[in-house]
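Engineer: Line order of the protein sequences matches chains A and B.
Going by the working numbering, the first sequence opens with residue 30, and the numbers climb by one from there.
Going by the working numbering, the second sequence opens with residue 30, and the numbers climb by one from there.
Virtual Cβ for every residue (Gly too), placed ideally from N, Cα, C.
Please read through the structure below; I'll follow up with questions.
There are 2 protein chains.
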Amino acid sequence: MLKYQQIAAEIEKYIEQNAMQQGDKLPVLEALMAQFQVSKSTITKALELLEQKGVIFQLRGSGIFVRRLKRTGYISLLSNQGFKRDLEDFTITAEVLELDVRKPTEEAAHSLNIELAHDVYYVKRVRYINGQTLCLEESYYNKAIVTYLNKEIAADSIFRYIKEALGLKMGFSDVYLRVGMLNEEEAKHLGLEAGSPKLCAESIFHLTNGLPFDFSRVTYNYQQSQFFLQGNGDFS
Amino acid sequence: MLKYQQIAAEIEKYIEQNAMQQGDKLPVLEALMAQFQVSKSTITKALELLEQKGVIFQLRGSGIFVRRLKRTGYISLLSNQGFKRDLEDFTITAEVLELDVRKPTEEAAHSLNIELAHDVYYVKRVRYINGQTLCLEESYYNKAIVTYLNKEIAADSIFRYIKEALGLKMGFSDVYLRVGMLNEEEAKHLGLEAGSPKLCAESIFHLTNGLPFDFSRVTYNYQQSQFFLQGNGDFS
Numbered sequence: 030m031l032k033y034q035q036i037a038a039e040i041e042k043y044i045e046q047n048a049m050q051q052g053d054k055l056p057v058l059e060a061l062m063a064q065f066q067v068s069k070s071t072i073t074k075a076l077e078l079l080e081q082k083g084v085i086f087q088l089r090g091s092g093i094f095v096r097r098l099k100r101t102g103y104i105s106l107l108s109n110q111g112f113k114r115d116l117e118d119f120t121i122t123a124e125v126l127e128l129d130v131r132k133p134t135e136e137a138a139h140s141l142n143i144e145l146a147h148d149v150y151y152v153k154r155v156r157y158i159n160g161q162t163l164c165l166e167e168s169y170y171n172k173a174i175v176t177y178l179n180k181e182i183a184a185d186s187i188f189r190y191i192k193e194a195l196g197l198k199m200g201f202s203d204v205y206l207r208v209g210m211l212n213e214e215e216a217k218h219l220g221l222e223a224g225s226p227k228l229c230a231e232s233i234f235h236l237t238n239g240l241p242f243d244f245s246r247v248t249y250n251y252q253q254s255q256f257f258l259q260g261n262g263d264f265s
Numbered sequence: 030m031l032k033y034q035q036i037a038a039e040i041e042k043y044i045e046q047n048a049m050q051q052g053d054k055l056p057v058l059e060a061l062m063a064q065f066q067v068s069k070s071t072i073t074k075a076l077e078l079l080e081q082k083g084v085i086f087q088l089r090g091s092g093i094f095v096r097r098l099k100r101t102g103y104i105s106l107l108s109n110q111g112f113k114r115d116l117e118d119f120t121i122t123a124e125v126l127e128l129d130v131r132k133p134t135e136e137a138a139h140s141l142n143i144e145l146a147h148d149v150y151y152v153k154r155v156r157y158i159n160g161q162t163l164c165l166e167e168s169y170y171n172k173a174i175v176t177y178l179n180k181e182i183a184a185d186s187i188f189r190y191i192k193e194a195l196g197l198k199m200g201f202s203d204v205y206l207r208v209g210m211l212n213e214e215e216a217k218h219l220g221l222e223a224g225s226p227k228l229c230a231e232s233i234f235h236l237t238n239g240l241p242f243d244f245s246r247v248t249y250n251y252q253q254s255q256f257f258l259q260g261n262g263d264f265s
């Protein structure tokens, strides 16, 4: 973790511990520099990160303010493994149905910018929230980047492993959503009736250097799923 | 429009006109400064804006690269009025069903941080894409901020009016999503069967100073709706 990321985490903890609410003002830049004993550029980068994460907003000439969601218990649509953070009171588990090395589908190859002859790790798992099905997930990892995976890793957090064990840096993601009706197979895995509503999220995850390393399709159990998103900047 | 916003728009146009693809490298900072005849700080702010918008990604020590979605025809979930930009080949129209000044619901009052006795503009409209229903929208605007609205404005773009005529600056938004089944009234407005799948997006839009000015509930026609989202930074 880089210095500014560490400072960002500490400021976030400070907001939590002081139960600060949306609109509450944080100390000014100079006070934060003194408090954390770091340079202006480190604080500035930490604040930018927090702004991007939707934890604060900055108002030129007025200061730095806390940003807080009005509702709790929602899942972040933009974090893949972030269930634990967003749903702190819930227990998330995963059951790995399949894990093997294979050739990608056309869609996966296109999404990952690789040839059809290229190897991918394919992972299919069901994730549970407090023992109820949360989602069915199919992922294709470019094996040239994610060089090793096994069922033990997949039963826990693949993204944490990719970051901590493989040392890869996650950059940005594109997510495509559509709403539809569950087919027989999806319904079976989620324990619902075929024809029930579903939210399907297809995501392409990239490293900081722009290389796509994971294409995933997640089908959510609509009864368990409430999502939040935070937008920054002009939304018109 | 501020200088850096203008430069950002010009860089975006440059990417379009040169049909640049994801991973294509943009000129270095110094070259952009020379090309647009502006300071380093202006270019830096323009690039930050483009990074936030998902148009570029920056790789420390390597340069500035173009970011492009793999798929077209999707609607941005984080832009309220952005249908025109994201769906350039489509025609979006709106039919205003109701528009009046009233007291907010409890949910709207809570979302807008106002009292129940406070006035809001209530707007209910159906939006169409190429003549097909796209969504049913109900919005509550804090009348102390959005001081005037009428049906003519609501039939066009309320957000453009808010920005251009009222001069308000849009800051950030929180969006809550859930999937469910259409009730009778929603189904009637969308021309679908009751019980069909729906995506419901409830959003709170804030000014740059953090004041919430609009709470909206949008119910999408699942047959017409495909959405995209762009995430930045670490998504684990």
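So L79(A) packs on I72(A), CB below 8 Å; how close in whole Å?
Structural biologist: Contact flag wrong, Cβ pair sits at about 10 Å.
Engineer: Please return the same chain residues whose Cβ sits closer than 8 Å to the Cβ of L88(B), not counting the five positions on each side in sequence.
Structural biologist: So the list reads F94, once near-sequence residues are dropped.
Engineer: Just curious, the beta strand (DSSP E) that L258(B) is in, first and last residue?
Structural biologist: Note, L258(B): beta strand (DSSP E), 255-261.
Engineer: Assuming A37(A) is part of the alpha helix (DSSP H), what are its boundary residues?
Structural biologist: It spans 32-46 - the alpha helix (DSSP H) in which A37(A) sits, taken as one unbroken run.
Engineer: Based on Cα-Cα distance, which residue from Q252(A), Y251(A), G239(A), H235(A) lies nearest to S245(A)?
Structural biologist: Ranking the options by Cα distance to S245(A), first place goes to H235(A).
Engineer: Quick check on I36(A) - is its C-beta less than 8 Å from some C-beta in chain B?
Structural biologist: Output row for I36(A): interface = no.
Engineer: Beta carbons nearer than 7 Å to chain B: which residues of the region 161-191 of chain A have them?
Structural biologist: Listed by position, the residues of the region 161-191 of chain A near chain B (Cβ gap below 7 Å) are F188, R189.
Engineer: Indicate whether at least one CB of chain B lies closer than 8 Å to the CB of T237(A).
Structural biologist: Answer yes: the Cβ-Cβ gap between T237(A) and chain B drops below 8 Å somewhere.
Engineer: In the structure shown, what three-state DSSP assignment does M49(A) receive?
Structural biologist: M49(A) falls in the coil class under three-state DSSP.
Engineer: Applying the 10 Å Cβ sphere with the 16-neighbour rule, what's the burial state of L258(B)?
Structural biologist: Burial call: buried.
Engineer: Using alpha carbons as the reference points, say which of L55(B), L211(B), S232(B) lies closest to N222(B).
Structural biologist: Sequence inspection shows Glu at residue 222(B); the Asn mentioned does not correspond to that position. Checking every option, the nearest Cα to that of E222(B) belongs to L211(B).
Engineer: On the DSSP bridge list, what partners appear for A230(B)?
Structural biologist: DSSP output for A230(B) lists L206(B), V247(B) as bridge partner(s).
Engineer: Give a yes or no on whether the minimum CB-CB distance between M210(B) and chain A is below 8 Å.
Structural biologist: Yes - at least one Cβ of chain A is within 8 Å of the one on M210(B).
Engineer: Skipping 5 residues on each side, what residues in its chain have a beta carbon closer than 6 Å to that of A138(B)?
Structural biologist: If we look at A138(B) and ignore the five residues flanking it on each side, its Cβ neighbours are L145.
Engineer: Report the three-state DSSP secondary structure of Y190(B) (helix, strand or coil).
Structural biologist: Y190(B): helix per DSSP, three-state reduction.
Engineer: Are S168(B) and D243(B) touching if we call contact CB-CB under 8 Å?
Structural biologist: Closer than 8 Å, so yes.
Engineer: Return the first residue and the last residue of the beta strand (DSSP E) that L58(B) is part of.
Structural biologist: Unbroken run through L58(B) is the alpha helix (DSSP H), 58-65; no beta strand (DSSP E).
Engineer: Check whether the Cβ atoms of P241(B) and L141(B) sit closer than 8 Å, and answer yes or no.
Structural biologist: Yes, they are a contact pair.
Engineer: Are there 16 or more other CB atoms within 10 angstroms of the CB of D129(B), so buried, or fewer, so exposed?
Structural biologist: With fewer than 16 other Cβ atoms within 10 Å, it is exposed.
Engineer: Using Cβ-Cβ distances below 9 Å, what residues of the region 138-153 of chain B are close to chain A?
Structural biologist: Cβ contacts with chain A come from H139, S140, N142.
Engineer: By the criterion of Cβ-Cβ separation under 8 Å, what are the contact partners of D129(B) in chain A?
Structural biologist: Result: empty, since nearest Cβ-Cβ is about 23 Å, beyond 8 Å.
Engineer: By Cβ distance below 7 Å, which residues in the same chain neighbour Y33(A) in space, the five residues on each side in sequence not counted?
Structural biologist: Around Y33(A): T71, K74, A75, L78.
Engineer: Keeping to the same chain, check which residues put their C-beta closer than 6 Å to that of E231(A); ignore five residues upstream and five downstream.
Structural biologist: Around E231(A): Y205, R246.
Engineer: How is E215(B) classed by DSSP in three states: helix, strand or coil?
Structural biologist: E215(B) falls in the helix class under three-state DSSP.
Engineer: Looking only at C-alpha atoms, which of R156(B), T237(B), A37(B) sits nearest to S186(B)?
Structural biologist: Residue R156(B) is the option with its Cα nearest to S186(B).
Engineer: Which residues in the same chain have their Cβ closer than 8 Å to the Cβ of R97(A), if we skip the five residues on either side of it in sequence?
Structural biologist: For R97(A), where only same-chain residues beyond five positions count, the Cβ hits under 8 Å are M49, Q50, Q51.
Engineer: N261(B) versus chain A: which residues are under 7 Å apart at the beta carbon?
Structural biologist: By Cβ distance, chain A contributes Q81, F201.
Engineer: With DSSP as the reference, label Q252(A) as helix, strand or coil.
Structural biologist: Note: Q252(A) maps to coil in three-state DSSP.
Engineer: Using a C-beta to C-beta distance shorter than 7 Å, which residues of chain A count as neighbours of F94(B)?
Structural biologist: What F94(B) touches in chain A: G239.
Engineer: Could you tell me which uninterrupted alpha helix (DSSP H) segments, each at least 4 residues in length, are contained entirely in the region 118-180 of chain A, listed from first to last along the chain?
Structural biologist: You should have 135-141.
Engineer: I'd like to know if Q50(A) contacts chain B, where contact means its C-beta is closer than 8 Å to some C-beta of that chain.
Structural biologist: So no, Q50(A) is outside the interface.
Engineer: On a CA-only basis, which of Y251(A), T101(A), T162(A), E193(A) is nearest S225(B)? Give me that one, please.
Structural biologist: With distances taken between Cα atoms, S225(B) lies closest to Y251(A).
Engineer: Where do the N-terminal and C-terminal ends of the beta strand (DSSP E) with L88(A) fall, by residue?
Structural biologist: Residues 85-88.
Engineer: Does the Cβ of E214(B) have 16 or more other Cβ atoms within 10 Å, making it buried, or fewer, making it exposed?
Structural biologist: Exposed is the call here.
Engineer: If contacts are defined as beta-carbon pairs under 8 Å, then G260(A) and L107(B) qualify, I think. What distance do you get, rounded to the angstrom?
Structural biologist: The Cβ separation is near 4 Å, so the contact holds.
Engineer: List the residues of chain B whose Cβ lies closer than 8 Å to the Cβ of Q255(A), in chain order.
Structural biologist: The answer, in chain order, is Y205, L206, R207.
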